[in-house]
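In the UniProt record's numbering, the protein residues as written are 1 to 210.
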C-alpha cells in the first residue's frame, strides 16, 4: 500500500487462483465508475482477463483498501451478481402530500451472462402517485437477458403518509418518559454507590470495637 500498490487475488471457475498487485490510483478510478457489478478487463501477465470486482477489504481505521478479490468469468456462462437500484424521478405522494419515501430494497440479485450485466437498474418513482402505490420487483424495467432472483411480489419502494400531530406528540411524550426514567435510575444508582462506602465504614468500626 505504501508503494501505491494493493495486494489482490484473481480466481474463478476452473482456474487456479493467482496473487497479484494492482495500482491503487487506477483501481480507485475504475471502482468509483463501475462498482462490483460491471465486467472489467484486467491485464495479468500480458493477457487480458474478463473479471468482476468480487470483494474489497478495507482497513477498519482509515477505510483504506487493503485487499481485492477479482472473479474471472466465462463469457458463455451465466453468473449471479448484486446490482444497485438507482431511484429516479419524483413522486407526487411525496412532493404534494408530504409522504415519506420508503426504499425497502437498495440492490437486487440478478443472473445474466457477463456481457449483459447492468451497472445499475433504474427505478422511476414517479409511478408512486398515492399512498397506496407500490413498485414491486416485477415492475422493474430490465432486459429479457437479465433475470431477477427475488420474489416478483416483493415491494421495492413505497410511500407512507406523514405522521399526524397526535402521533408526533405521543412520540415526543415517550421520548421524554424514557429520558426521565434514565435520569431517575441514574440518581438511584449514585445514591446506592454513596451509601455503600458508609456501610463499609460502619462495619469496619464495629469490628474494631469487638
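In this text, a Cβ means the ideal position worked out from N, Cα and C, and glycines have one as well.
Check, Outcome
"Euclidean distance between Cα positions of residue 162 and residue 153", "25 Å"
"Candidates 24, 78, 103: closest to residue 64 by CA position", "24"
"Check: residue 134 C-beta below 6 Å from any heavy atom of the ligand COA", "Of ligands this structure carries none, so the ligand COA is not represented either."
"Where the alpha helix (DSSP H) containing residue 92 begins and where it ends", "92–95"
"Limits of the unbroken beta strand (DSSP E) element including residue 55", "47–58"
"8 Å contact criterion, which residue 116 and residue 143 should meet: CB distance rounded", "7 Å"
"Inter-residue spacing [alpha-carbon to alpha-carbon] between residue 86 and residue 20", "33 Å"
"Residue closest to residue 120, alpha-carbon to alpha-carbon, out of 131, 106, 133, 113", "106"
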